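Enquirer: Quick one: the structure is below, questions incoming.
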Amino acid sequence: MSEFNPNILAFCCNWCSYAGADLAGVNRLQMPPNVNVVRVMCSASVKPEYVFKAISQGIDGVLVLGCHIGDCHYLTGNHRTAKRIPLTAKILEKVGIDPRRVQLDWVSAAEGEKFQQVVTQFVDDIRSLGPNPMKEVRF
Amino acid sequence: MLRIGVFVCHCGHNIASAVDVDEVVEFARKLPGVVYAGQNLYSCSQEGLGSIKKSIEDNDLNRVVVAACTPRTHEPLFRRACEQAGINKYLFEFVNIREHCSWIHAKEPEAATGKAKKLVAMGVAKASLLEPQEEGESAVIPRAVVIGAGISGLAAAASLLDQGIETHIIESKNCVGGLLREVAVIGPEDIDSRNLINSLEKRLTSSPKAHLHLNSRVKEVKGFVGNFEVTIAKGDEDITVQAGAIIVATGTREFQPAGEYGFDEYPAVITQLELERRLAKSDFAASRMAIINCAGSRQPGREYCSRVCCNASLKNALRILDKNPDAQVTILHRDIMSCGAAAEELYRRASERGVRFVRYGLEKRPQVHAKENGVVLEAFDETLDETIDLDLDLLILATPLVPPEDSVETGKHLKVPRDKYGFFLEAHVKLRPVEFATDGVFVCGSARWPVSARECIWQGQAAAAKASIPISEGKVRIEAITAEVDPDRCAACGNCVLACPYEAIEIVEHLDTMAAKVNEAQCKGCGTCVAACHNDAIQQKGFSSRQLGAMIDALIRTATEGTQ
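Keeping their order, the protein sequence lines are chains A and B. The working numbering applies: residue 1 is where the first sequence begins, and numbers increase by one. The working numbering applies: residue 140 is where the second sequence begins, and numbers increase by one.
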């Protein structure tokens, strides 16, 4: 059997975490190629529906990255993210999905290294969880 | 019908060394809606942009996807190219296969190529659903408000007035000049600060377009770029000013190091500003002095370098020696930061004139002991590797500059962010240093970060130049990433109204019922309301749920079909 290669989706806010991901690139920080970034303007615009959709259709993990609390480009957007995403994970847990498949973290525009760490750790976590069981349930 | 063109960039070796560009182009060509897929050595070069424009015309493209670097720097360039080729710039989608792919998977070409395919598929899926957008316009009130009449605010106001712009200056104290008023001479060039303040003040008082509000503070700020309404509390009276732009020049204050190095305990322990005050008097008499630099900064909790204190210590050491050539002055430091030729010269002069430099560390901080008419300072000199005792008449603490107490309130009024130390945070440290991300609000001087008087003036003038752009243009364009309400789906629950950090949404009458409505000029395009809506009744232009959903679908599809 071939090695499990997780397919991961990451939402990054334009101002901090996307820029942090850019910085990781500029500094050539190497990390596993499993995380695919979708740019949104603010992490607070990430609807739980996107996470549900991704997980229900077989994405192995969803990472939501925003600005650190207090640094949100839109003042308090990420305060909502901080409540919404853990709740989203909890809802998934209720229907039998390991909540660790959904993770929220803060990465500033200056934290290329943190982006690398978060991505590497998340890929490790998802690898240890194994493939998303929803993958076998074709919609 | 969709006619998508995909352009994959080599970026020289930057992308092509890890990503097989040919393979990605071949893959892109087969994606739904794609009628053209090509590659460029450097897409952002004149040649690259030219070939994109030519392909748009030759292939009659109506969507453009460029897979290259980061939209954060290059999106405007490609959007412009699209416009020049006759396509609405909002029909362009950027895919980042450099920072987010080739550079971070440099040693895994196969996996990097596979990921680049996924990212391109996601970009194409989103591009399929992009719609042309019109940028809104809104009128600009030809008036500016400057908050703070310190040196930065004065410089900004004078510069605005020079351009003929009516300017209101709000100052909380009863005079202009701010913190600089407490400093007699500015180093390293020994400029008389009072002259500097007076000359700037004169430019205000001589202009009929200047309105100086002393003993005043900002009570409320409403509106958005071009159309702000600032309420000024002046004593018991409230004054309302309409303005097109606002400059924050609220400055800084000196940190009072309660409990550190015997401050508050021994009268002989004072701060640098108190030294400035005493030096300004003719009867300054102390002869044995030490200055502790970084007192309260560059340590846990306040890690930053306050930037101006080293030069101030050097300048004051020399001023002490000017007044009393027999004085013994010791500077205790943890690195002397005297950048620039003039300041370095100050450092050299101080050394030559016998100022003693003692390097201390945080592990063994200098200790202060009581003594009659002074203090004894016990310091571990890291260079000598031994402890020395200094008998002092005066111990001066060069403490950091910190944000004014009301900066929390100012930030809230203007809806602008502050960093972890409480200083205001600009839109981009290099590209937009005097602008806030909030359009029409600018920042200068030590409100942003402790800076010298000279830098305050630069920044004040820079902020004024930036603020005058919308005012002189008379109108502002609004990036079409704003939120839109579908009133038929809206239940008028008001969740979005509460969620919006900019108070840009209100519930209005719609047909015979109520619905939310976004004020486009006030919307900053964060999308917070979108996720707060339970009915999917709000969409953010360029980030709609269909578009993001299509990206997720494309990622799943590409992975299932196997690209790695």
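Glycine included, C-beta positions come from ideal geometry on N, C-alpha and C. Being a predicted model, the structure only gives us computed values, none of them experimental.
Drop a sphere of 10 angstroms on the beta-carbon of leucine 319 of chain B, count the other beta-carbons inside from all chains shown, and report buried for 16 or more, exposed for fewer.
Expert: Buried, by the Cβ-count rule.
Enquirer: At the 8 Å Cβ level, is glycine 66 of chain A part of the contact set with chain B, yes or no?
Expert: Cβ-Cβ to chain B under 8 Å: no for glycine 66 of chain A.
Enquirer: Give me the DSSP bridge partner(s) of methionine 41 of chain A.
Expert: None, per the DSSP bridge assignment.
Enquirer: How many whole angstroms separate the CB atoms of alanine 92 of chain A and valine 102 of chain A, which I take to be in contact at a CB cut-off of 8 Å?
Expert: One detail in the question is off: residue 92 of chain A reads as leucine in this sequence, not alanine. 6 Å between Cβ atoms; contact.
Enquirer: With 8 Å as the threshold, decide whether the Cβ of lysine 246 of chain B is near any Cβ in chain A.
Expert: Output row for lysine 246 of chain B: interface = yes.
Enquirer: Considering only C-alpha positions, which residue in the set B:Ser346, B:Ala278, B:Gly390, B:Cys150 is nearest to glycine 561 of chain B?
Expert: Cα-wise, what sits closest to glycine 561 of chain B is B:Gly390.
Enquirer: How many whole angstroms separate the CB atoms of alanine 24 of chain A and isoleucine 243 of chain B, which I take to be in contact at a CB cut-off of 8 Å?
Expert: Yes, alanine 24 of chain A and isoleucine 243 of chain B are in contact; Cβ-Cβ is about 6 Å, under 8 Å.
Enquirer: Going residue by residue through the region 377-450 of chain B, where are the continuous alpha helix (DSSP H) segments of at least 4 residues, counting only ones entirely within it?
Expert: Whole alpha helix (DSSP H) segments, 4+ residues: 411-418.
Enquirer: On the DSSP letters alone, give me the boundaries of the beta strand (DSSP E) that glycine 66 of chain A sits inside.
Expert: Counting along the chain, the beta strand (DSSP E) containing glycine 66 of chain A begins and ends at 61-66.
Enquirer: Is alanine 295 of chain B closer than 8 Å to glutamine 600 of chain B when the C-beta atoms are compared?
Expert: For glutamine 600 of chain B and alanine 295 of chain B, yes; Cβs fall inside 8 Å.
Enquirer: Who are arginine 498 of chain B's beta bridge partners in DSSP?
Expert: Per DSSP, B:His472.
Enquirer: Aspartate 530 of chain B to glycine 303 of chain B, Cα distance in whole Å?
Expert: Between aspartate 530 of chain B and glycine 303 of chain B, the C-alpha separation is close to 58 Å.
Enquirer: Look up threonine 370 of chain B in the DSSP assignment and say whether it is helix, strand or coil.
Expert: Strand, per DSSP.
Enquirer: Check the C-beta distance from alanine 176 of chain B over to valine 160 of chain B and give it rounded, since I have them as a contact under 8 Å.
Expert: About 11 Å separates the two Cβ atoms, so there is no contact after all.
Enquirer: Kindly indicate if chain B contains any beta-carbon less than 8 Å away from that of glutamate 49 of chain A.
Expert: Chain B contact via Cβ: present.
Enquirer: For the candidate residues B:Asp329, B:Leu339, B:Leu299, B:Thr306, whose alpha-carbon lies nearest to that of valine 315 of chain B?
Expert: Answer by Cα proximity: B:Leu339.
Enquirer: Roughly how many angstroms lie between the CA atoms of asparagine 704 of chain B and valine 263 of chain B, to the nearest whole one?
Expert: The requested residue 704 of chain B is not part of the displayed model; chain B covers only 140 to 703.
Enquirer: Give the straight-line distance between the Cα atoms of glycine 70 of chain A and glutamate 525 of chain B, rounded to the nearest whole angstrom.
Expert: Using only the alpha carbons, I get a separation of about 44 Å.
Enquirer: In whole angstroms, what is the alpha-carbon distance linking valine 126 of chain B and proline 271 of chain B?
Expert: For residue 126 of chain B there is no data in the structure shown, the boundaries of chain B being 140 and 703.
Enquirer: According to the neighbour-count rule (16 or more other Cβ atoms, all chains shown, within 10 Å of its Cβ), is phenylalanine 519 of chain B buried or exposed?
Expert: Buried, since its Cβ has 16 or more Cβ neighbours within 10 Å.
Enquirer: What number of angstroms, rounded off, separates the C-alpha of serine 190 of chain B from the C-alpha of glycine 225 of chain B?
Expert: Looking at the two C-alpha atoms, the distance is approximately 14 Å.
Enquirer: Output, in chain order, the set of chain A residues within a Cβ distance shorter than 8 Å of threonine 667 of chain B.
Expert: By Cβ distance, chain A contributes Cys42, Ala44, Ser45, Tyr74, Gly77, Arg80.
Enquirer: Whose Cβ in chain A lies nearer than 8 Å to the Cβ of proline 556 of chain B?
Expert: Ordered by position in chain A, the residues that pass the 8 Å Cβ test against proline 556 of chain B are Gly70, Asp71, Cys72, His73, Leu75.
Enquirer: I want to know whether the region 276-289 of chain B touches the region 305-314 of chain B - three or more CB-CB distances under 8 Å.
Expert: With a cut-off of 8 Å, the region 305-314 of chain B and the region 276-289 of chain B count as touching, because enough Cβ pairs lie within range.
Enquirer: Check the Cβ-Cβ distances between serine 490 of chain B and every residue of chain A, and say whether any is below 8 Å.
Expert: No, its Cβ sits nowhere closer than 8 Å to a Cβ of chain A.
Enquirer: Whose C-alpha, out of B:Leu516, B:Gln598, B:Ala655, B:Ile646, is nearest the C-alpha of histidine 503 of chain B?
Expert: The amino acid occupying residue 503 of chain B in the given sequence is lysine; histidine does not appear at that position. Nearest option by C-alpha distance: B:Leu516.
Enquirer: Could you tell me the distance, in whole angstroms, from the CA atom of methionine 1 of chain A to the CA atom of aspartate 675 of chain B?
Expert: Low per-residue confidence applies at methionine 1 of chain A: pLDDT is 48, beneath 50, and the placement is therefore not dependable enough to give any value.
Enquirer: Who are the neighbours of arginine 202 of chain B on chain A, taking C-beta pairs under 8 Å?
Expert: Correct list: empty, because the minimum Cβ distance to chain A is about 17 Å.
Enquirer: Contact criterion: CB-CB distance below 8 Å. Does methionine 1 of chain A meet it with respect to chain B?
Expert: Residue placement at methionine 1 of chain A is flagged as unreliable, the pLDDT there being 48, under the threshold of 50; a coordinate-derived value is accordingly withheld.
Enquirer: If we count the other Cβ atoms within 10 Å of its Cβ and call it buried at 16 or more, is proline 133 of chain A buried or exposed?
Expert: Answer is exposed; the Cβ neighbour count stays below 16.
Enquirer: Once DSSP output is grouped into helix, strand and coil, what is the label at threonine 76 of chain A?
Expert: The answer is coil: DSSP assigns threonine 76 of chain A none of H, G, I, E or B.
Enquirer: At which residues does the beta strand (DSSP E) containing phenylalanine 363 of chain B begin and terminate?
Expert: Element bounds for phenylalanine 363 of chain B: 355-363.
Enquirer: Pick from B:Glu399, B:Ser452, B:Cys444, B:Ser436: whose alpha carbon is nearest that of leucine 418 of chain B?
Expert: Closest by alpha carbon: B:Ser452.
Enquirer: Can you give me the Cβ contacts of leucine 705 of chain B inside the same chain, cut-off strictly under 7 Å, excluding the 5 residues immediately before and after it?
Expert: What is shown of chain B runs 140 to 703, which leaves residue 705 of chain B out entirely.
Enquirer: Excluding sequence positions up to five away, which residues of its chain have a Cβ less than 6 Å from the Cβ of threonine 549 of chain B?
Expert: Correct list, in chain order: Thr389.
Enquirer: Cβ of histidine 8 of chain A within 8 Å of Cβ of valine 123 of chain A?
Expert: Reading off the sequence shown, one finds isoleucine at residue 8 of chain A, where the question assumed histidine. It is a contact, given that the beta carbons lie within the stated cut-off.
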